[in-house]
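Colleague: Provided herewith is a single structure, encoded as structure tokens, for subsequent inquiry.
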Amino acid sequence: MKQNQFSIRVPASTANLGPGFDSIGMALNRYLTLHVQSSNEWIFVVTSDNLNGIPTGKDNLIYQIAAWIATEYNRELPDTRVEMESDIPLARGFGSSATAIVAGIELANQLLELDLSSDEKARWASIYEGHPDNVAPSIYGGLIIGSHREDETNIVHAGIPDIDLVAVIPEYELSTKESRSALPEAFTHKEAVEASSISNVLVAAILQNDWALAGRMMNKDLFHCPYRMPNIPEWQKAVKLAEELPVYGATLSGAGPIILFFVPKGSGKEVKLQLRGHFNEHRVEMLEVDREGVTVSETITSSNQLKSSSSSSEMR
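Position 219 of the sequence shown, counted from 1, bears residue number 1541 in the numbering used here, the numbering being contiguous throughout.
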């Protein structure tokens, strides 16, 4: 009797990159991994401290997403055991909930053999999340620029930025809901035009690999910087340091409180050491841009056969 077992790996992501609010995101080399096998009941087994307190039954977000996708395709999920491990800090701005959403979609995709394309996964994920900035990078890898509306979701893959990244990771958590509560309900037309022009220049600078200009636009963001920064002292300090250190710029990662420094290629280690001296009460880590997005590796076992293969999420 053969038993299909497989693993799903979903990269973390950083969203906004300053003024690219709810529309720009980038995949990072921190991962949520699911080890999946058939079972006689649905159960989630946590193997990482980062996941302590995560529900272990059908109230787990990953199951809820997978069950939602199954319902949309008029299918029923088989009972499954899922071991979860993660090196993504929760509620800090690295898209931990977005990785769960993408993992749930991919789990349903594999269990039900739906053969979903990346675009279809991004559409479903954006419908649930409400915007594509965190979920789409975790699907495609690299940097994405996206727009989600009721009628469609549009994603532009903007490649793999040739930069170093250094993150300052505070020990406290900050929920997206709490962080968004600081934002204004509306902008005047004049304010919206000015804020959008800064965002447009950010996108153009990124596409031209002009990260010095992109860094300046991060600092001029009007969508959320003026409202969120007063509550995050690490961000205030980072903006001042960005003027002194050999970096392109620094901004809040997603809803925070993680601060991400964008650094010329090859200078990351030096900047990391300098930042440790300024943020000795927090973790300071170098990161890389994830290139692959969600991936699946499969192991098929029997009494006399062990076969392993790895591929992208398009593998069936």
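The beta carbon of each residue, even a glycine, is placed where N, CA and C say it ideally should be. Fair warning: this is a prediction, and the values are worked out from it, not measured in the lab.
With DSSP as the reference, label L1524 as helix, strand or coil.
Modeller: Looking at L1524 - three-state DSSP - the assignment turns out to be helix.
Colleague: Quick check on the burial criterion: 16 or more other C-beta atoms within 10 angstroms. Buried or exposed for S1624?
Modeller: Caution applies to S1624, whose pLDDT of 43 falls short of 50 and renders its modelled position unreliable; the value that the coordinates give is listed next. Exposed, since its Cβ has fewer than 16 Cβ neighbours within 10 Å.
Colleague: Using the C-alpha atoms, what's the distance from P1548 back to V1616?
Modeller: Roughly 34 Å separates the two Cα atoms.
Colleague: As a quick exercise: from G1599, R1605, L1339, pick the residue whose alpha carbon is nearest that of P1459.
Modeller: L1339
Colleague: Just list the alpha helix (DSSP H) runs in the segment 1386 to 1438, keeping only unbroken ones of 4 residues or longer that don't cross its boundaries, in chain order.
Modeller: Look at the segment 1386 to 1438 and you find these whole runs of alpha helix (DSSP H), each 4 residues long or longer: 1418 to 1433.
Colleague: For the beta strand (DSSP E) that contains G1578, what are its first and last residues?
Modeller: Note, G1578: premise wrong, no beta strand (DSSP E); not H, not E.
Colleague: With I1376 and V1367 assumed to form a contact (beta carbons below 8 Å), what rounded beta-carbon distance in angstroms separates them?
Modeller: At roughly 10 Å, the Cβ-Cβ gap does not stay under 8 Å, so I1376 and V1367 are not in contact.
Colleague: Please name the residue, chosen from E1513, F1601, A1389, that lies closest to F1545 on a Cα-to-Cα basis.
Modeller: E1513
Colleague: So, helix, strand or coil for R1331, using DSSP?
Modeller: strand
Colleague: According to DSSP, simplified to helix, strand and coil, what is H1479?
Modeller: strand
Colleague: Measure the alpha-carbon distance for A1444 versus Y1462 and round it to whole angstroms.
Modeller: In this structure, the straight-line span from the alpha carbon of A1444 to that of Y1462 is close to 9 Å.
Colleague: Nearest by alpha-carbon distance to D1486: which of H1357, E1614, V1358, M1348 is it?
Modeller: M1348
Colleague: Measuring straight from C-alpha to C-alpha, what distance separates P1579 and H1600?
Modeller: 16 Å
Colleague: Counting C-beta neighbours from all protein chains within 10 Å, is the total for D1543 16 or more, i.e. buried, or is it exposed?
Modeller: Counting of Cβ neighbours within 10 angstroms places D1543 among the buried residues, the total reaching 16 or more.
Colleague: Round the Cβ separation of A1334 and T1421 to the nearest angstrom and send it over; I've been treating them as touching at under 8 Å.
Modeller: 6 Å between Cβ atoms; contact.
Colleague: Taking just the CA atoms, how far does L1383 sit from A1391?
Modeller: The identity of residue 1391 in the sequence shown is Ile, whereas the question assumes Ala. The alpha-carbon atoms of I1391 and L1383 are separated by roughly 12 Å.
Colleague: Do you know whose CA, among V1404, E1435, N1372, S1419, lies nearest E1398's CA?
Modeller: Closest in alpha carbon position to E1398, among V1404, E1435, N1372, S1419, is E1435.
Colleague: Does DSSP put E1592 in a helix, a strand or coil?
Modeller: Three-state result, E1592: helix.
Colleague: Assuming Q1530 is part of the alpha helix (DSSP H), what are its boundary residues?
Modeller: Q1530 -> no alpha helix (DSSP H), and no H or E assigned at all.
Colleague: Bridge partners of L1356, per DSSP?
Modeller: Looking at the DSSP assignment, L1356 forms a beta bridge with I1330, M1406.
Colleague: Hey, how far is the Cα of V1569 from the Cα of V1457?
Modeller: 27 Å
Colleague: Less than 8 Å between C-beta atoms, sequence neighbours within five positions excluded: which residues of the same chain meet that for D1401?
Modeller: S1360, S1361, N1362, E1363, W1364
Colleague: Let's test the definition: count the other Cβ atoms within 10 Å of the Cβ of S1503 and tell me whether it reaches 16, buried, or not, exposed.
Modeller: exposed
Colleague: For the segment 1608 to 1615 against the segment 1469 to 1488, are there 3 or more C-beta pairs whose distance is under 8 Å?
Modeller: Yes: the two stretches touch, three or more of their Cβ pairs being nearer than 8 Å.
Colleague: Near V1404, what residues of its chain come up, given a Cβ to Cβ distance below 6 Å and the 5 sequence neighbours on each side ignored?
Modeller: L1356, V1358, F1366
Colleague: Just the C-alpha distance for V1525 and E1614, rounded to the nearest angstrom, thanks.
Modeller: The alpha-carbon atoms of V1525 and E1614 are separated by roughly 22 Å.
Colleague: On a Cα-Cα basis, can you pick out the residue from D1473, L1529, A1413 that is closest to A1577?
Modeller: Closest option to A1577, Cα to Cα, is A1413.
Colleague: With L1505 and G1481 assumed to form a contact (beta carbons below 8 Å), what rounded beta-carbon distance in angstroms separates them?
Modeller: With a Cβ gap of about 30 Å, L1505 and G1481 do not count as contacting.
Colleague: Report all residues from its chain with a CB closer than 6 Å to the CB of T1573; omit the five preceding and five following residues, and keep chain order.
Modeller: G1340, M1540
Colleague: Roughly how many angstroms separate the alpha carbons of N1372 and L1354, rounded to a whole number?
Modeller: Answer to the nearest angstrom: the Cα atoms are 10 Å apart.
Colleague: Is DSSP giving D1371 helix, strand or coil here?
Modeller: helix
Colleague: Less than 8 Å between the beta carbons of E1556 and I1528, yes or no?
Modeller: no
Colleague: Three-state secondary structure (DSSP) at G1464?
Modeller: Secondary structure of G1464 (DSSP, three-state): coil.
Colleague: Strictly by DSSP, which residues pair up with E1607?
Modeller: Bridge pairing for E1607: A1489 [DSSP].
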